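First up is the structure itself, then whatever we jot down about it.
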Amino acid sequence: MTPQLDLPVAEYLNRDIKAIITEFPAVADILGRYDIGCVSCGLGTCLFKDVVAIHDLSAEEEAALMAGIAGILYPGRDVVIPATARQDRPKTVGTRYSPPLQKLVDEHGLIKRWVAIIPEFIENLDIATEAGRQEIRQGIDFIRSFADKYHHAKEEAILFKYFDESLDIIKIMCADHENARARVREMLAALERQDRETIATHLKAYRDLLTEHIKKEDEVLYRWMDRNLSTSQVGKLFAAFSEKDGEFGGAPKNYEDFIIHLEKKYKIMEVSK
Ligand SMILES: [Fe+2]
Ligand SMILES: [Fe+2]
163 MTPQLDLPVA EYLNRDIKAI ITEFPAVADI LGRYDIGCVS CGLGTCLFKD VVAIHDLSAE
223 EEAALMAGIA GILYPGRDVV IPATARQDRP KTVGTRYSPP LQKLVDEHGL IKRWVAIIPE
283 FIENLDIATE AGRQEIRQGI DFIRSFADKY HHAKEEAILF KYFDESLDII KIMCADHENA
343 RARVREMLAA LERQDRETIA THLKAYRDLL TEHIKKEDEV LYRWMDRNLS TSQVGKLFAA
403 FSEKDGEFGG APKNYEDFII HLEKKYKIME VSK
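My numbering puts the first residue of the sequence shown at 163, with every later residue one more than the last.
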């Protein structure tokens, strides 16, 4: 059957890939050749223009994929679908991550900025005033909400599910998360009884824990995971992370604002990501 749609290229690029597949089922076959499983992906929230970037194809693969899809969307016409801006980037090797793991590395960037603030934060713990206690509460909330409920939960509930969770490296990461949760509980209890020293002790331990934890994830775990995830899984991960981001709305930005506020207050330069 001849497809009824014949939109400008830019309109196709901004449509959900699943809508395009529904209209042009042969597109799924082309995507399947590159192990891009949009048909089997339950989410299907990605725009066509994002699909190539998310799945980390080489320039050659991308050009061939786009030519194949152009042949389906515009049969018998000489239409070229433009390459993404990422075309000249090599596939995931060496120093870079796949797009979903890069998201997690970027989140580590904000946690590392908080970790860099902790020594000054400890120096200035003001347990005696309500304003001081409020700032301590906000610091603990950053750990509990941004670092744990937002970031660690993405790892545990989504990313780690793609691997054998009985592997030591994953068990160690989960144990670190539990360790951080225990320290949050201790800090909240200490805040209740206005115990400055205990809060300082756990903040210092959290700083040491997360410094090592993030290093292990950035330098070892994520790289190994990237080498073992299929192209299709990378796409599914990206979609699942995007859905999780949607649930949190503007909250991550509020936590970044809190970190910026502390960096200005303590005149701390933003640490590199
Ligand atoms: Fe982690
Ligand atoms: Fe992490």
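Cβ coordinates follow ideal geometry from the N, Cα and C atoms, glycine included. Model, not experiment: these values are computed from the prediction.
Item, Value
"Can you tell me whether glycine 411 is buried or exposed? The criterion is at least 16 other CB atoms within 10 Å of its CB, across all chains shown.", "exposed"
"Quick one: grab the DSSP three-state call for leucine 391.", "coil"
"At a cut-off of 7 angstroms, is leucine 266 close to ligand 2 when judged by its beta-carbon and the heavy atoms of the ligand?", "yes"
"Excluding sequence positions up to five away, which residues of its chain have a Cβ less than 7 angstroms from the Cβ of threonine 373?", "Val277"
"Measure the alpha-carbon distance for aspartate 310 versus arginine 275 and round it to whole angstroms.", "15 angstroms"
"Along the alpha helix (DSSP H) that carries valine 189, what are the first and last residues, could you check?", "188-195"
"Quick one: using the 10 Å Cβ neighbour count with 16 as the cut-off for buried, is glycine 408 buried or exposed?", "exposed"
"Is it the case that the Cβ atoms of leucine 272 and tyrosine 428 are separated by a distance below 8 angstroms?", "no"
"Just to confirm the assignment, what range does the alpha helix (DSSP H) spanning isoleucine 421 have?", "413-427"
"So, are the CB atoms of phenylalanine 438 and leucine 424 less than 8 angstroms apart?", "Residue 438 falls outside the range modelled here, since the chain spans only 163 to 435, and no answer is possible."
"Given a cut-off of 8 angstroms, decide if isoleucine 305 and tyrosine 368 are closer than it, judged by their beta-carbon atoms.", "yes"
"Helix, strand or coil for leucine 235 per DSSP?", "helix"
"Straight-line CA distance for leucine 175 to alanine 290?", "57 angstroms"
"Alpha carbon to alpha carbon, how far is alanine 225 from alanine 232?", "10 angstroms"
"Would you give the residue range spanned by the alpha helix (DSSP H) that proline 262 belongs to?", "261-285"
"Alpha carbon to alpha carbon, how far is glutamate 223 from glutamine 249? Give it in angstroms, no decimals.", "In this prediction, glutamine 249 scores a pLDDT of 40, lower than 50, which makes its location untrustworthy; no coordinate-derived value is stated."
"Among Phe322, Ala172, Ile298, which one has its Cα closest to the Cα of tryptophan 386?", "Phe322"
"Taking 7 angstroms as the cut-off, is the beta-carbon of glutamate 317 closer than that to any non-hydrogen atom of ligand 2?", "yes"
"Buried or exposed for arginine 345, going by 16 or more other Cβ atoms inside 10 Å?", "buried"
"Would you say the beta carbon of glutamate 381 is closer than 7 angstroms to some non-hydrogen atom of ligand 2?", "no"
"What's the gap between the Cα of methionine 349 and the Cα of isoleucine 361?", "5 angstroms"
"Helix, strand or coil: which one does DSSP assign to leucine 209?", "strand"
"Report the three-state DSSP secondary structure of aspartate 338 (helix, strand or coil).", "helix"
"If the criterion is Cβ atoms closer than 8 angstroms, does the pair isoleucine 430 and isoleucine 279 meet it?", "yes"
"Should methionine 228 be counted as a contact of ligand 1 given a C-beta to heavy atom distance under 7 angstroms?", "no"
"Should isoleucine 183 and cysteine 208 be called a contact, given that it needs their Cβ atoms to be closer than 8 angstroms?", "no"
"Residues in the same chain with beta-carbon distance under 8 angstroms from tyrosine 324, minus the five sequence neighbours each way, listed in chain order, please.", "Met387, Leu391, Gln395, Leu399"
"Can the beta-carbon of histidine 339 be found less than 8 angstroms from the beta-carbon of leucine 266?", "no"
"Under the rule that 16 or more other beta-carbon atoms within 10 Å means buried, what is lysine 158, buried or exposed?", "Residue 158 is absent from the model: the chain starts at 163 and stops at 435."
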